[in-house]
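Peer 1:
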């Protein structure tokens with residue numbers, strides 16, 4: 457697998473980073489929502505629970521914060537609202553389901569790469585001792 461790079465001034469950016477530049481860096485809450493949707497299509501409440509679960513309860517988004525983020529991500533084309541619905545027995549008509557777009561995945565990837573670079577520097581300065589796994 458090859459990675460394309462774009463040169464911008466003195467910095468070298470991966471293809472994912474250059475496509476995501478207008479969107480990043482993301483707020484931590486926005487990044488958590490994109491991470492939640494990187495796994496599955498989810499409705500709002502499921503996004504809240506996924507973020508809480510993946511962070512061990514350290515991040516708990518309010519519904520107001522979540523729906524503000526969803527509105528922005530929809531407007532930016534990073535997520536879409538799905539028209540298809542689960543089976544009627546598993547659905548609640550009030551729920552809206554969301555999916556990460558290819559551009560949303562690029563932006564999330566670029567943010568993860570940016571954070572990884574920062575963590576590499578922190579490790580080289582002995583601020584972090586070992587790599588954690590998710």
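Residue numbers (our numbering): 457 to 590.
Here a beta-carbon is modelled for each residue, glycine too, at the ideal position from N, C-alpha and C.
Please read all numbers here as calculations on a predicted model, not as lab measurements.
(1) Looking at C-beta atoms only, is the number of pairs between the region 571-578 and the region 493-513 that lie closer than 8 Å three or more?
(2) With distances taken from CA atoms, which of 569, 551, 534 and 486 is nearest residue 525?
(3) So, for residue 497: in the same chain, excluding its five sequence neighbours on each side, which residues have a beta-carbon less than 8 Å away from its beta-carbon?
(4) At 3 residues or longer, and completely inside the region 540-582: list those beta strand (DSSP E) runs for me, N to C.
(5) Give the straight-line distance between the Cα atoms of residue 536 and residue 557, rounded to the nearest whole angstrom.
(6) Secondary structure at residue 489, three-state DSSP: helix, strand or coil?
(7) In the DSSP assignment, find the beta strand (DSSP E) that holds residue 515 and state where it starts and stops.
(8) With DSSP as the reference, please indicate the residues paired to residue 537 in a beta bridge.
(9) If I follow the unbroken alpha helix (DSSP H) through residue 586, where does it start and stop?
(10) What's the C-alpha gap between residue 532 and residue 560?
(11) Could you spell out where the alpha helix (DSSP H) holding residue 504 opens and where it closes?
Peer 2: In brief:
(1) no
(2) 486
(3) 538, 553, 554 and 555
(4) 553-556
(5) 7 Å
(6) helix
(7) Where residue 515 is concerned, there is no enclosing beta strand (DSSP E), given that its DSSP letter is neither H nor E.
(8) 554
(9) Counting along the chain, residue 586 falls outside any alpha helix (DSSP H), and DSSP gives it neither H nor E.
(10) 9 Å
(11) 500-510
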